[in-house]
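Structure first, commentary second.
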């Protein structure tokens with residue numbers, strides 16, 4: 129089955145540590161996204177990438193970093209500079225922007241990060 | 249800056265009742281308005297979507313009503329069931345560009 133796999137599902141981090149969340153898709157989608165979900169704040173865009181080796185900051189990129197070395201992979205690193213990293217993180221993908229259906233996002237099951 | 253305002257934050261409906269969630273937007277360049285459904289511990293999934301050339305779209309018990317002049321759109325869930333209990337997000341995007349999401353509505357359907 130085609131889909132998006134996020135790992136780990138749960139992650140605990142000590143303050144001052146960097147952590148990397150994995151996102152892999154086998155949908156052959158060109159665009160990939162990372163969202164952060166907090167209660168009452170909806171889904172806020174952290175980073176997005178439309179093609180390999182290129183990515184752009186979203187609305188809340190500070191304290192996060194990404195890479196896009198392969199079409200199917202878009203890992204997110206939560207750095208120690210992120211002041212309030214405890215949240216539910218969602219990875220998504222879509223076909224290339226400008227194409228019919230490009231607005232339709234397919235989401236992974238999410239990763240819940242807790243800072244101890 | 250929230251470009252899509254969603255209300256209410258939470259909603260409790262009796263089984264068999266109608267659930268109504270509203271969203272308002274300001275950016276007139278938006279031309280695609282989807283609703284996503286999210287169950288606890290899962291990622292959101294596309295439920296239904298509409299483009300501004302129609303005023304209503306129905307899929308089973310789910311209907312989107314769209315008012316272009318008022319820049320508002322809403323989701324109606326008819327004959328609400330306990331299995332509909334979830335968080336619902338409205339969203340909007342301009343011309344195939346990235347989506348902007350509302351804050352979400354937690355729906356609970358009481359049996």
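Protein chains in written order, with my numbering: chain C, 129 to 244; chain F, 249 to 359.
No residue lacks a Cβ here, since even glycine has one placed at the ideal position from N, Cα and C.
- Note on residue 299(F): under 16 other CB atoms within 10 angstroms of its CB, so exposed under the neighbour-count rule.
- Three or more Cβ pairs closer than 8 Å define a contact, and the region 208 to 215 of chain C falls short of that threshold against the region 263 to 270 of chain F.
- Non-local beta-carbon contacts of residue 275(F) in its own chain, meaning distances under 6 Å to residues more than five positions away in sequence, involve 251 in chain order.
- Using a Cβ-Cβ cut-off of 8 Å, residue 265(F) does not count as an interface residue toward chain C, since no Cβ of chain C sits closer than that to its own.
- Contact between residue 317(F) and residue 303(F) is ruled out by a C-beta separation of about 10 Å, above the 8 Å threshold.
- Sorting 326(F), 339(F) and 306(F) by C-alpha distance to the C-alpha of residue 170(C) places 339(F) at the top.
- Distances from the alpha-carbon of residue 159(C) to those of 215(C), 213(C), 172(C) and 233(C) put 233(C) closest.
- Under the criterion of beta carbons closer than 8 Å, residue 328(F) and residue 261(F) qualify as touching, at roughly 5 Å.
- In terms of CA proximity to residue 256(F), 352(F) leads the group 346(F), 358(F) and 352(F).
- What residue 232(C) touches in chain F, judged by beta-carbon distance under 7 Å, is 294, going in chain order.
- Counting only the Cα atoms, residue 204(C) lies some 14 Å from residue 138(C).
- In the same chain as residue 133(C), and ignoring 5 residues on each side of it, the C-beta atoms closer than 7 Å to its own belong to 152 and 236, in chain order.
- Between residue 200(C) and residue 231(C) the beta-carbon gap is near 21 Å, outside 8 Å, which marks them as no contact.
- Measuring C-alpha to C-alpha distances from residue 308(F) to each of 315(F), 301(F), 293(F) and 324(F) identifies 324(F) as the nearest.
- Looking at the DSSP output, residue 183(C) bridges to nothing.
- Check the Cα spacing between residue 283(F) and each of 358(F), 341(F) and 357(F): the tightest is with 341(F).
- Cβ neighbours of residue 140(C) within its own chain (closer than 6 Å, five residues either side excluded): 242 and 244.
- Shown here, residue 166(C) sits in a strand according to DSSP, grouped into three states.
- For residue 320(F), the enclosing beta strand (DSSP E) has its first and last residue at 320 to 325.
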